[in-house]
Structures are given as C-alpha cells and as structure tokens.
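Numbering (my numbering), first residue to last: 68 to 201.
Quick reminder that beta carbons are idealized off the backbone N, C-alpha and C, glycines included.
Since the structure is predicted, the reported quantities are computational estimates derived from the model, not experimental observations.
All remarks here apply to the structure that follows.
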Amino acid sequence: MPLARTQTGQSKLGLLILLAVIGFFLLCAFRLIPAYTEDRYIQSALSSLGDEGALVNELSDNEIRRKISNFFMINNVRSQTAKDLQIERLKDRVLVSLDYEVRVPLLYNIDVVMTFNNTWDSSRPDECCKPASE
C-alpha cells in the first residue's frame, strides 16, 4: 500500500512553525488594536462637536477643549489630552485637529510607530477626521 506511506500528515516541525506564525500575528493584534480603538474614541469625540451644529463657531477654544476633555475622561482616552488639540478659526469655519503618533513596543527593540491625523471641519461636520483639503 504505497498510498498510505506518502500521506503522513503534518509534521511536528510544521506544526511548530504554524503555531509560531499564529502567535506572532496574535501578538501584533494584541499590541496594535488598543491604539486603533483609542483613535476611534478620539474620532468620536471630534465628531461629537458636530452634534451642536453651528454652535461650535460660537464656542471659545477653552469650551471646545473642555467638551473634548470630558469625552476623553468618560471613554478613558489616555494617550492624548484636550491640550493637544489644535483649533484654527477661519472666517467661515472652525478646524479642530489632533495629529499624533503612538509608539508601541513589539519585540525587544522593535517598535511600531502609528501616525494618526484627525481633523474636524465645522463646514462639513458629518465628514469627521479627514484631512482638510484646501
């Protein structure tokens, strides 16, 4: 029966390599997903400014920072603060942006650097966190 001898299945070395690859991807996921989750909370905080409609143009910079700071506190955003917000007032709109980098150690001396650029424009409040095109 030569057919039974050629179909031996997965070797122990092959299984070990497969487990190592799966483990590496799980490690990457567990290290990187929290940064992306926190960025989604930051995007939600910026888009919550649009809930007030045209009133954002009437708010002072400190009031905008206070509103964002409260959102950060409730949703446990720790990597950024409301002080990091950049508020730019133009004649017809307000731009609120938060651009930052997150450095996550992956293995030993290997780090992953993630860059996030979030901009909220009061002239298009539904399109949150996309860079302003000028």
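### Task
Flag this pair as touching only if the stretch 152-170 and the stretch 129-139 have three or more C-beta atom pairs under 8 Å; answer yes or no.
yes
#### Entry: Three-way DSSP call (helix, strand, coil) for Tyr167 in this model
strand
### Message
If you measure between the beta carbons of Leu113 and Trp187, is that distance less than 7 Å?
### Response
yes
### Task
Excluding the 5 residues preceding and the 5 following Asn142 in the sequence, name in chain order all residues of the same chain whose CB lies nearer than 8 Å to its CB.
Tyr108, Ser111, Ala112
### Message
In the DSSP output, what is Gln153 paired with across the bridge?
### Response
Ser164
### Query
Alpha carbon to alpha carbon, what distance is there between Phe97 and Tyr167?
20 Å
### Cross-strand partners of Val180 (DSSP beta bridge)
Arg170
### Message
Quick test of your reading: Ser190 and Asp159, contact by CB under 8 Å. State the CB separation rounded to the nearest angstrom.
### Response
7 Å
### With 16 other Cβ atoms within 10 Å as the buried cut-off, status of Asn184
exposed
### Query
What are the boundary residues of the alpha helix (DSSP H) that Cys195 is part of?
Unbroken run through Cys195: none, as it is neither H nor E.
#### Entry: Minimum C-alpha distance to Thr182 - residue among Glu130, Ser146, Leu122, Leu83
Ser146
### Task
With a floor of 4 residues, list each alpha helix (DSSP H) that falls wholly inside the stretch 75-114, ordered by position along the chain.
79-114
### Task
Look at Pro12 and Gly90 and say whether their C-beta atoms are less than 7 Å apart.
What is shown of the chain runs 68 to 201, which leaves residue 12 out entirely.
#### Entry: Buried or exposed (CB count within 10 angstroms, at least 16 for buried), Leu35
Because the chain here runs from 68 to 201, residue 35 falls outside it and cannot be looked at.
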